[in-house]
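What follows is a single structure, written as structure tokens, with notes after it.
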Amino acid sequence: MKRRSFLVAFTVGGLSLAFDHASGQSAPNPAKLRVALLPDENASTIIQNAAPLKAYLEHSLGKDIELVVTTDYSSMIEAMRFGRIEVAYFGPLSYVLAKSKAPEIEPFAVGVSKGSPTYKSVIIARADGPVKTLADIRGKMVGFGDFASTSSHLIPRALLARDGLIGDTDYKYVLLGAHDAVARAVQSGQVQAGGLSQEIFKSLVAKGSIDGDKLIILAESDPIPNYPITMQGYLAPEFKVSIRKAFLELNDKDILKTFRAEGFVATDDHAYDILRETAKLLDLDLAKFKG
Numbered sequence: 090m091k092r093r094s095f096l097v098a099f100t101v102g103g104l105s106l107a108f109d110h111a112s113g114q115s116a117p118n119p120a121k122l123r124v125a126l127l128p129d130e131n132a133s134t135i136i137q138n139a140a141p142l143k144a145y146l147e148h149s150l151g152k153d154i155e156l157v158v159t160t161d162y163s164s165m166i167e168a169m170r171f172g173r174i175e176v177a178y179f180g181p182l183s184y185v186l187a188k189s190k191a192p193e194i195e196p197f198a199v200g201v202s203k204g205s206p207t208y209k210s211v212i213i214a215r216a217d218g219p220v221k222t223l224a225d226i227r228g229k230m231v232g233f234g235d236f237a238s239t240s241s242h243l244i245p246r247a248l249l250a251r252d253g254l255i256g257d258t259d260y261k262y263v264l265l266g267a268h269d270a271v272a273r274a275v276q277s278g279q280v281q282a283g284g285l286s287q288e289i290f291k292s293l294v295a296k297g298s299i300d301g302d303k304l305i306i307l308a309e310s311d312p313i314p315n316y317p318i319t320m321q322g323y324l325a326p327e328f329k330v331s332i333r334k335a336f337l338e339l340n341d342k343d344i345l346k347t348f349r350a351e352g353f354v355a356t357d358d359h360a361y362d363i364l365r366e367t368a369k370l371l372d373l374d375l376a377k378f379k380g
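Residue numbers 90 to 380, in the numbering used here, belong to the letters of the sequence shown in order.
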């Protein structure tokens, strides 16, 4: 899949200009804080839902806030790497990839859902389709999200590998970009099975974006460490304290819906070692990822 290295920034007021490398800012205490949200669904929907977050952070931090949704996961990683954003809400694997390219970034908070800082991935298929079990995936086409997605690529591949099914050997697969695209592709029959976040799957069914009666869950994963909030290590220490405090003390339910979380607790880099280990088991060389 061809990857785009540019990124698109959305604000609540509308579309802003795309960043280039020269616009990257490395100020330790910038007047404007650029906060990136993971592009795991439609960008305009993400920004619309995150409007209360923007207002909360502007009030808590006393700064202008610009919400950013990049074109894909790799663009978000590169934006963090080159200082074009200061705070980012990464998926677990995309965080690991970003950390490998920019060791100075710091995870500091993780979402809690149902009392746990973890979530799950699922593999789905059409209820009336040819795939009823994981074994039926042999010889079929499977849809994943972005290469850097944890629950829509890494973990579903690991689930299939555990059943002796290896991508490009036992089944074909296509990268569709976002979780909602995977669900729609399975429902339409474009692919015979697909992997995505369990929480996003439930949300898409609840919103009517997909028909839950037409889809079945073939398997669900073990718990995965939840999405981390990260920030640039070069930010001023007192400013980092303020950012950390703003997220850890966040208790507004409407804002927390943006993160599919009930709240945030502190985290660190070691919580994501399980993703590095899983990638090794699948022989995925994260160092060669072209972000």
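Built from N, CA and C at the ideal position, the CB exists for glycine as well. These numbers were taken from a predicted model, which means no experiment stands behind them.
Query: Helix, strand or coil for Gly278, going by three-state DSSP, please let me know.; Result: coil
Query: Considering only residues of the same chain and omitting the five flanking positions on each side of Leu182, which have a CB-CB separation below 6 Å?; Result: Ala237, Thr239, Leu243 and Leu364
Query: Candidates Gly322, Phe348 and Arg349: which alpha carbon is nearest Glu193's?; Result: Gly322
Query: Quick one: Cα of Thr367 to Cα of Arg251, how far?; Result: 11 Å
Query: Does the beta-carbon of Val199, which I'm using as the reference point, lie nearer than 6 Å to any heavy atom of the ligand PLP?; Result: Ligands are entirely absent from the displayed structure, and the ligand PLP is therefore not among its contents.
Query: Take the Cβ of Val330 as the centre, count every other Cβ of all protein chains shown within 10 Å, and call the residue buried at 16 or more, exposed below.; Result: exposed
Query: Count the other CB atoms within 10 Å of the CB of Glu175; is the residue buried (16 or more) or exposed (fewer)?; Result: buried
Query: Measure the C-alpha to C-alpha separation of Tyr208 and Gly151 and round it to an integer number of angstroms.; Result: 32 Å
Query: By DSSP, does Ile363 sit in helix, in strand, or in coil?; Result: helix
Query: How long is the line joining the alpha carbons of Gly113 and Phe353, rounded to whole angstroms?; Result: At Gly113 the pLDDT is 47, less than 50, meaning the model places this residue with poor confidence and gives no usable figure here.
Query: Below 7 Å CB to CB, which residues in the same chain sit around Thr222 once its five sequence neighbours on both sides are set aside?; Result: Leu307
Query: Name the two residues that bound the continuous alpha helix (DSSP H) containing Val330.; Result: Pro326 to Leu337
Query: Does the distance from the CB of Ala272 to the CB of Val280 come in under 7 Å?; Result: no
Query: Identify which residue in Gly278, Val199, Phe171 and Ala247 has its Cα closest to the Cα of Ala214.; Result: Gly278
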